[in-house]
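Residue numbers (the working numbering), protein chains in the order written: chain H, 29 to 489; chain X, 29 to 489; chain L, 29 to 489.
Below you'll find the structure, written out as C-alpha cells, and then a few comments.
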Amino acid sequence: MSSHATNLRLKLPAMCFLLQLFTIILFAVFVRYDQETSARLWHEELMNHNKSNLDNDFYFRYPSFQDVHTMIFIGFGFLMTFLKRYGFGSVAFNFLIAAFAIQWSTLIQGFFHSFRDGKIHIGIESMINADFCSGAILISFGAVLGKTSPIQLLLMALLEVTLFGINEYILLSILGAKDAGGSMTIHTFGAYFGLMVSRLLYRPQLDKSKERQGSVYHSDLFAMIGTIYLWLFWPSFNSAITAHGDDQQRTVMNTYFSLAASTLATFAISALIDKEGKLNMVHIQNAALAGGVVVGTSGEMMLTPFGAMIAGFLAGLISTLGFQFVSPILESRLKVRDTCGVHNLHGMPGVLGALLGALLATLATQDVYGDGMADVFPLVADGSRTAAYQGTCQLFALFITLGFAVIGGSLVGAALKIKGLGSPPDTQCFEDQVYWEVPEDHHNGYLTAVIHEDPERSTSI
Amino acid sequence: MSSHATNLRLKLPAMCFLLQLFTIILFAVFVRYDQETSARLWHEELMNHNKSNLDNDFYFRYPSFQDVHTMIFIGFGFLMTFLKRYGFGSVAFNFLIAAFAIQWSTLIQGFFHSFRDGKIHIGIESMINADFCSGAILISFGAVLGKTSPIQLLLMALLEVTLFGINEYILLSILGAKDAGGSMTIHTFGAYFGLMVSRLLYRPQLDKSKERQGSVYHSDLFAMIGTIYLWLFWPSFNSAITAHGDDQQRTVMNTYFSLAASTLATFAISALIDKEGKLNMVHIQNAALAGGVVVGTSGEMMLTPFGAMIAGFLAGLISTLGFQFVSPILESRLKVRDTCGVHNLHGMPGVLGALLGALLATLATQDVYGDGMADVFPLVADGSRTAAYQGTCQLFALFITLGFAVIGGSLVGAALKIKGLGSPPDTQCFEDQVYWEVPEDHHNGYLTAVIHEDPERSTSI
Amino acid sequence: MSSHATNLRLKLPAMCFLLQLFTIILFAVFVRYDQETSARLWHEELMNHNKSNLDNDFYFRYPSFQDVHTMIFIGFGFLMTFLKRYGFGSVAFNFLIAAFAIQWSTLIQGFFHSFRDGKIHIGIESMINADFCSGAILISFGAVLGKTSPIQLLLMALLEVTLFGINEYILLSILGAKDAGGSMTIHTFGAYFGLMVSRLLYRPQLDKSKERQGSVYHSDLFAMIGTIYLWLFWPSFNSAITAHGDDQQRTVMNTYFSLAASTLATFAISALIDKEGKLNMVHIQNAALAGGVVVGTSGEMMLTPFGAMIAGFLAGLISTLGFQFVSPILESRLKVRDTCGVHNLHGMPGVLGALLGALLATLATQDVYGDGMADVFPLVADGSRTAAYQGTCQLFALFITLGFAVIGGSLVGAALKIKGLGSPPDTQCFEDQVYWEVPEDHHNGYLTAVIHEDPERSTSI
C-alpha cells in the first residue's frame with residue numbers, strides 16, 4: 029500500500045535519533061535546575077530567605093500545568109481524531125511532535141528568558157511555557173493535518189519553535205506587551221503560520237482523497253473528548269503563568285464566562301446557518317472554544333465578567349460563521365486548505381483577542397487596578413509608560429506576530445516541499461494506512477463494514 | 029427527515045441569543061469581582077490584613093473546582109452517550125445546558141448568597157456552586173434524555189436553576205442544614221424534579237422508538253469514560269466547598285472509601301440478579317457511583333472510614349436493585365420513564381444520604397469534633413442549637429427538597445408541554461438525526477448495520 | 029454461550045460480599061482518621077503548634093493524588109481496551125480489582141507503616157500509597173488480561189496486595205531503600221509477579237482464541253486515552269509522595285523529560301523494526317510510557333534534565349525492542365504469555381530504573397544535594413551510611429523485589445488454578461460475552477461485521 033516514497037523505515041528513526049541526541053547534548057551543556065528545583069539551591073533559599081516549602085512556585089502552578097498538559101496531549105490530540113480514517117495519525121503525531129516541541133522549546137525559550145551565567149535555569153514555569161509553545165505548533169499541525177508526513181511535522185516543529193521563541197521574546201521582553209494566555213503568541217501565530225505552510229503545500233489534486241475528509245459517528249465522539257477537555261481547562265491555560273493571587277483567579281473566571289457565552293453563540297449560529305436548522309458537530313467541536321482564545325490576552329485584565337461574556341459571545345459567533353463562509357473562500361480563492369479550521373478557532377478569535385487586549389490596556393486606570401496594576405501592567409505601574417502607550421504596544425505586537433507568522437510559515441512551508449520527506453501522495457491523504465500498521469477492520473473497511481452486511485449472518489442474531 | 033415541528037432554525041438561535049443577552053445585561057448591572065478576584069480589592073486585602081497570596085481561596089479550591097468542572101462536562105456528558113444513536117445529543121446538549129446553567133445560577137445563587145450593596149460578588153466559590161447547580165439540571169436531563177428538544181432543555185434549565193436556588197437558600201441559610209456535597213440540594217432535588225418532568229411529558233407511544241433505547245458495544249465504552257471520571261472526582265465534588273483543612277481532607281477520604289465499597293456491591297448484585305450470572309454494563313456505569321451520592325451530606329462529618337464503606341455498600345446495593353426492580357415499576361405503574369435511571373443513581377441514594385446526614389448530625393458530640401465542630405456544625409458549636417435539633421433540621425430539609433422537586437418538576441413539566449418547542453415525535457426519540465447533521469455511516473447505518481439490514485436501503489447509499 | 033463453569037451468579041457475589049464485609053470489620057476495629065483528617069486532632073494541631081490550614085498535607089498532595097487516581101482507573105483501564113472484544117472486561121475488571129485493592133492495601137500498608145497504639149491512622153498519603161499498590165496489581169492484571177475470571181482476579185488482588193506490602197516494608201523500612209515512584213516496588217514487582225502468574229496459568233490451546241487477541245481501529249483509539257493519561261500524569265505519580273518543595277518539583281521535571289525522550293525513541297524504533305517502516309500502535313501505546321517507569325526510583329534524585337532524557341530514551345528503546353524480540357521468546361521458550369506486554373513496559377524498564385537509582389545513590393554528594401540531602405537520602409545525610417552503601421542497598425532491594433515477585437507470583441498462580449474459580453475456556457478467552465451481557469452488535473457482530481465484506485467494495489478502496 030505504501031509506496032517507496034512514504035516508507036519511513038530509515039528516515040523517521042534517523043530524524044528522531046538526531047533531534048533527540050542533539051537536544052540531549054544541548055541540555056547537558058546548558059540546562060540546569062533552577063533554584064526552586066535544585067536540592068541544594070532550594071534549601072539555601074529556605075534557610076537564607078526564611079521561606080517555607082509553600083512558597084515554592086510548584087504549589088501555585090502545578091495544578092494549572094497539569095491542566096495545560098492535558099489540553100496539549102488529550103485536547104489537541106483527540107480534537108483532531110474527527111477524521112474517519114486518520115485517528116492514529118491525529119492523536120499519535122500530535123503526541124510525537126508535542127513530545128519533541130516541549131524539549132526544543134525549553135532550550136529556545138530558555139536562551140531568551142532564563143539564560144544567566146551561561147546556563148538556562150528551568151522549573152515549573154519553563155515547563156508551562158514549553159507546553160504553550162507546543163500548543164502553537166499543534167495549531168499549525170491542525171491546518172496541515174492528514175497532508176504531511178511525520179518527518180515534515182518534526183521539521184516544522186524544529187523551525188516553528190525557534191521562530192515562536194523569537195517572536196515571543198520581541199513581544200514580551202522588548203515591546204513589553206502582555207499576552208499571558210497567548211492570543212497573539214500562541215493562537216494568532218500558530219494559526220497563520222500553519223495556514224501559510226498549508227498554502228505552500230497546496231495540492232491541486234487533493235480531491236482524490238475527498239471521501240476520507242469527513243467523520244464517522246464515533247470519530248466525532250472521540251473528537252468531543254478533545255473539545256470538552258480544551259473547554260474545561262482553558263481557564264487554567266490562560267491563568268497558568270499570570271501573577272499569583274487575584275490575577276490567577278480573575279483570569280480563570282473571565283475565561284470561564286467567556287467560554288460559556290461562546291458555547292451558546294455557537295449553538296445559535298450553527299442552527300441558524302443550516303437550511304433545516306440542524307446543528308453541525310464541526311461547529312460545536314471548534315467554535316465553542318473560541319471563547320478561550322479571545323480572552324487569551326485580556327483574561328488577566330479587569331475585563332469584568334460581563335465583558336468576558338461579550339467577548340466570548342462574539343468569538344463564538346465569528347468562529348462559527350468562519351466555518352460556513354470564510355473557510356470556503358480561503359480554499360477557493362487563496363488555495364489555503366485548513367483541515368481542522370484553525371483559522372476559525374485560533375486565527376480570527378486570536379486577532380480579536382489581541383485587539384481586545386489593546387483596548388483593555390488603553391482603558392486601564394489606577395482606580396480600577398489599585399496596587400494590582402504592578403502585576404498586570406508593570407510598565408504602567410512604575411510610570412515608564414501610559415496606559416494608552418501600553419495599548420499601542422499591544423496593537424503593534426499583533427502586527428509583528430502576523431508578520432512573523434506569515435513570513436515564517438511561508439519559509440517553513442517552502443522547506444517542507446523538499447523531496448524525500450515522505451509526504452503522502454494526493455490519493456492517500458487523511459489515511460492512516462500510509463504510515464501505520466492498521467487493524468483488519470480498517471484495511472478495506474470501516475465505512476463499508478458499517479454499511480454492507482452478510483445478510484445470512486445478520487439474521488442469525 | 030426532520031419534520032417542520034423539529035426544525036429549530038429560528039427557535040434555537042432566538043432562545044440562545046435571548047438567554048445570553050439577558051444574562052449579559054444582568055451581569056453588567058449586578059455582578060462584580062469579589063475581593064479575592066479584583067486587582068484593587070485583593071491588593072488592599074494583602075496590605076491591610078497582612079495576608080499573603082497563598083491565603084487567596086483560589087489555592088484551596090481551584091484543583092477541586094477543575095475536578096467538579098470535569099464531572100459536569102465530561103462525566104455527565106459521556107455517561108449519557110451509552111445510547112446507540114444519541115451520542116451527539118448526549119454530550120452536546122449536556123454541554124449547551126450546562127454552559128447556560130452555570131451563568132444563570134451565578135446570578136440566582138448570587139442574589140441569595142452574596143448580594144451586598146446592590147451587587148453580587150463572585151469568585152472561585154461561586155464558580156463551584158454554579159457548577160453544582162448545573163449538576164442538578166443535568167441529573168434531570170438524564171431522566172428525559174432523548175425525548176426533549178434543546179429548546180425544552182434550555183427552558184427547563186432556566187426554571188430549574190431558579191427553583192434550585194430558592195430550595196438551596198431555604199435549606200442552607202434559613203434551616204441551617206448542612207449539605208456540602210448536595211445529597212439533598214443536588215441529587216434528590218435533581219432526580220425527583222427530572223422524574224416529575226418526565227412524568228408530565230409521558231409518551232404512551234414511546235415504544236415506537238424502542239429499538240434505539242439500547243447501546244452498542246462502543247457506546248458503552250464511551251459511557252464508561254463518563255462513569256470513571258465521575259467516580260474519580262467525586263471526592264473533589266463532596267469536598268469542594270467544605271471548610272479548609274481537615275474538613276476537605278476528611279470529606280475526600282470518606283467519599284473515596286464509600287465509592288470503593290459501592291463498586292463491590294454493584295458488581296455483586298449485578299451478577300446475582302442475572303439468570304446466567306452475567307454482569308450488566310448499565311449497573312456498573314451507574315450504581316457504582318451511588319457511593320458518592322450517599323455521602324454527599326455526611327462526607328464532611330466524622331463518618332469514620334468504615335462508616336463510609338457501609339454507606340457506600342448499601343447505596344450500591346439499593347441502586348443496582350433499583351435498576352432491576354424499581355425502574356420497571358416506575359414505568360408501568362407511575363408512567364415515569366427514566367432514560368438514564370437517575371432515580372437509582374441520584375434519587376434513592378440521595379434520600380439515603382440525607383437520612384445518613386441527619387443521623388450523623390444527631391450523633392455529633394464535642395468529644396468527637398473538638399474545635400472542629402465550628403466548621404461542621406457552626407450552630408451547634410456556638411450553642412444556638414443541639415445536635416439532635418440539627419438532625420431534625422436535616423430531616424426537615426429532605427422533605428422540603430422533595431416537595432420543591434415534585435411540585436417544581438410538575439410545573440416545569442407542564443410548561444414544557446407548550447406546543448412549538450420542537451419536541452421530537454414518538455418515532456424519533458433517542459435519535460440524533462432529528463437535531464444534528466450526522467455522518468453518512470449514521471444515516472441508515474449503525475443501527476441497521478448492527479441489527480438487520482434492509483438490503484435495499486444499504487445499496488442506495 | 030457461557031458454560032456452567034463460568035457462571036458466576038453465586039460465586040462473584042459471595043466473593044465481593046465476603047471481601048467487603050471482612051474489610052469493613054477490619055476497618056471498624058483498626059482504622060482511624062489521622063491527625064490531619066480528624067476534626068478534633070487537626071484543630072488541636074492548629075492551636076497547639078501554631079499551624080495554619082495551609083500546612084495540612086492535603087494541599088501539598090491532593091492534586092497529585094487525583095492525577096494518580098486518574099492513572100489507575102482511566103489510564104490502566106483504558107490502556108487495556110485495545111482488545112477488540114474485551115473492552116468491558118478491561119475497563120470494568122480494572123475498576124473492580126482496583127476498588128478492592130485500594131481498601132485492602134490501606135489495611136496492609138497501614139499495619140506496616142502507620143500502626144500506632146493498636147490503630148492504623150490514615151490520610152491523604154495513605155490514599156496515594158493505596159493507589160500505588162493497586163497499580164502493581166493492575167500491572168499483573170495486564171499480563172493475564174482476558175484469560176482469568178473476576179473471581180481469580182479478586183483472589184490475586186487479595187494475595188498480591190499482601191505480598192506487595194511485605195516487600196515494600198522490607199525495602200523502605202528495613203533496607204532504607206528509596207523508591208518514591210516505585211520502579212522496584214510497583215513496576216518490577218507487578219510485572220514479574222504477573223508474568224509468573226501467567227506462566228502458571230499457561231494454556232497450550234490458547235490459539236483457539238487467537239482471532240480475538242488483536243484490536244480494531246476504534247479499540248486502539250480507546251486505548252490511546254489510557255496511554256495519554258498515563259503519560260501526562262506520570263510526573264504526578266513519581267512525585268506524589270516525595271518530600272515537599274524542591275523534591276516534588278524536581279521529580280516532576282525529571283519525569284516530564286524522561287517521558288518526552290522515550291516517546292521519540294519509541295517512534296524511532298517502531299518504524300525501524302517494521303519492514304515497510306510503518307508505525308505500530310502497540311508500541312506507541314506502551315513503550316512511550318517506559319520513560320515514566322525508568323525514573324521511578326531516581327526521579328527525586330539530582331538526575332539532571334539531560335540525565336532524565338538519556339534514561340527515558342534508553343527505556344523507550346529497550347521497551348519497543350522488547351515487544352518485537354523479547355515477548356515472542358518469553359512465549360515460545362518460557363511459556364509466558366503477556367497479553368499487554370507488561371514485561372516490556374514495566375518489567376525491563378523497572379529493572380533499569382532500579383539500577384539507575386542505585387547508580388544515582390552511589391554518586392550522591394553533599395556538594396550537589398546540600399541540605400536537601402536529608403530529604404532524598406536521610407540515612408546518608410545523618411551519617412549513618414555512605415552514599416556507596418546506599419547504592420548497594422538499592423541494588424539489594426532490586427534482588428529482593430525480584431525474588432518476592434517470582435516466588436509470590438508462582439504461589440499465587442498455583443492458587444488460581446484451583447477448580448471452580450470460573451476461568452474462561454480456551455475457546456472463550458479475550459471475550460466479553462463470557463462474563464457480560466453484551467449489546468446486540470457484539471453478539472456475533474463486530475468481528476464479523478469487520479471480517480465479512482462485500483469484496484467488490486473492499487477492493488475498490
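Built from N, CA and C at the ideal position, the CB exists for glycine as well.
Bear in mind that the values here come from a model prediction, so they are computed numbers and not experimental data.
Look at the segment 57 to 87 of chain X and you find these whole runs of beta strand (DSSP E), each 3 residues long or longer: 59 to 61. Within the DSSP secondary-structure output, K147 (chain X) pairs in a beta bridge with X:R144. For the 9 Å CB-CB criterion, F106 (chain X) and V96 (chain X) do not form a contact.
For V119 (chain X), the neighbours in chain H by C-beta distance under 8 Å run, in chain order, L249, M252, I256. Per the coordinates, the alpha-carbon of A299 (chain L) lies some 23 Å from the alpha-carbon of L187 (chain H).
Across the set X:F169, X:K112, X:A42, the C-alpha of X:A42 shows the shortest separation from the C-alpha of F295 (chain H).
In summary, the residues of the segment 69 to 80 of chain H whose CB is separated from some CB of chain L by less than 8 Å are L69, W70, H71, E72, L74, M75, in the order they occur in the chain. From the beta-carbon of L47 (chain X), the residues of chain H found nearer than 9 Å are L292. In this chain, the alpha helix (DSSP H) harbouring G320 (chain H) covers 318 to 322.
Distances from the CA of I165 (chain X) to each of X:C457, X:A402, X:A389, X:V370 were compared; the closest alpha carbon is that of X:V370. In this structure, the straight-line span from the alpha carbon of L439 (chain H) to that of R240 (chain X) is close to 53 Å. If you draw a straight line from the Cα of T134 (chain L) to the Cα of S211 (chain L), it comes to about 20 Å. Its chain contains L135 as the residues whose beta carbon lies nearer than 6 Å to that of L54 (chain H), once the 5 sequence neighbours on both sides are disregarded; these appear in chain order.
At least one CB of chain L lies nearer than 9 Å to the CB of E304 (chain X). Nearest neighbour of F427 (chain X) by Cα position, chosen from X:C457, X:A442, X:L387, X:A382, turns out to be X:A382. At least one CB atom of chain H sits nearer than 9 Å to the CB of P91 (chain L). For N35 (chain X), the neighbours in chain H by C-beta distance under 7 Å run, in chain order, E304, G305.
Linking L258 (chain L) to F250 (chain L) through their CA atoms gives a straight-line distance of about 13 Å. Its chain contains T51 as the residues whose beta carbon lies nearer than 7 Å to that of Q131 (chain X), once the 5 sequence neighbours on both sides are disregarded; these appear in chain order.
L69 (chain H) sits close to G398 (chain L), with the two beta carbons spaced by under 9 Å. Apart from sequence neighbours up to five positions away, the residues of its chain that approach M99 (chain L) with a beta-carbon distance below 7 Å are Y257, L258, F261, F265, ordered along the chain. Below 8 Å, too few C-beta pairs join the segment 74 to 94 of chain X and the segment 219 to 233 of chain X to call them touching: fewer than three. Against chain L, a Cβ distance below 7 Å from A56 (chain H) picks out F334.
Using beta-carbon distances, V189 (chain H) does not count as an interface residue toward chain L, since no partner is under 9 Å.
A contact is defined here as three or more CB-CB pairs under 8 Å, and the segment 299 to 314 of chain X fails this definition with respect to the segment 146 to 153 of chain L. Against chain X, the CB of K238 (chain H) has no partner CB under 9 Å away; the residue lies outside that interface.
Counted as a single uninterrupted DSSP element, the stretch harbouring S451 (chain H) is not any alpha helix (DSSP H), since DSSP gives it neither H nor E. In the three-state DSSP reduction, L111 (chain H) falls in the coil class, being neither helix nor strand. Below the 9 Å Cβ cutoff, chain L contributes no neighbours of S347 (chain X), its closest Cβ being approximately 15 Å away. Residue state for L203 (chain H) is assigned as coil, using DSSP reduced to three classes. Residue environment: A416 (chain L) is assigned as exposed (fewer than 16 neighbouring CB atoms within 10 Å of its CB, all protein chains considered). Not a single C-beta of chain L is nearer than 9 Å to the C-beta of C368 (chain H). Using a Cβ distance threshold of 9 Å, M108 (chain L) and L173 (chain L) count as a contacting pair. Residues are counted here when their Cβ sits less than 8 Å from a Cβ of chain L; for the segment 275 to 289 of chain X these are D275, Q276, Q277, R278, V280, M281, Y284, F285, L287, A288, A289, given in chain order.
When DSSP states are grouped into helix, strand and coil, L173 (chain L) belongs to the coil group.
About 6 Å separates the CB atoms of Q313 (chain X) and F110 (chain X); that is less than 8 Å, so the two are in contact.
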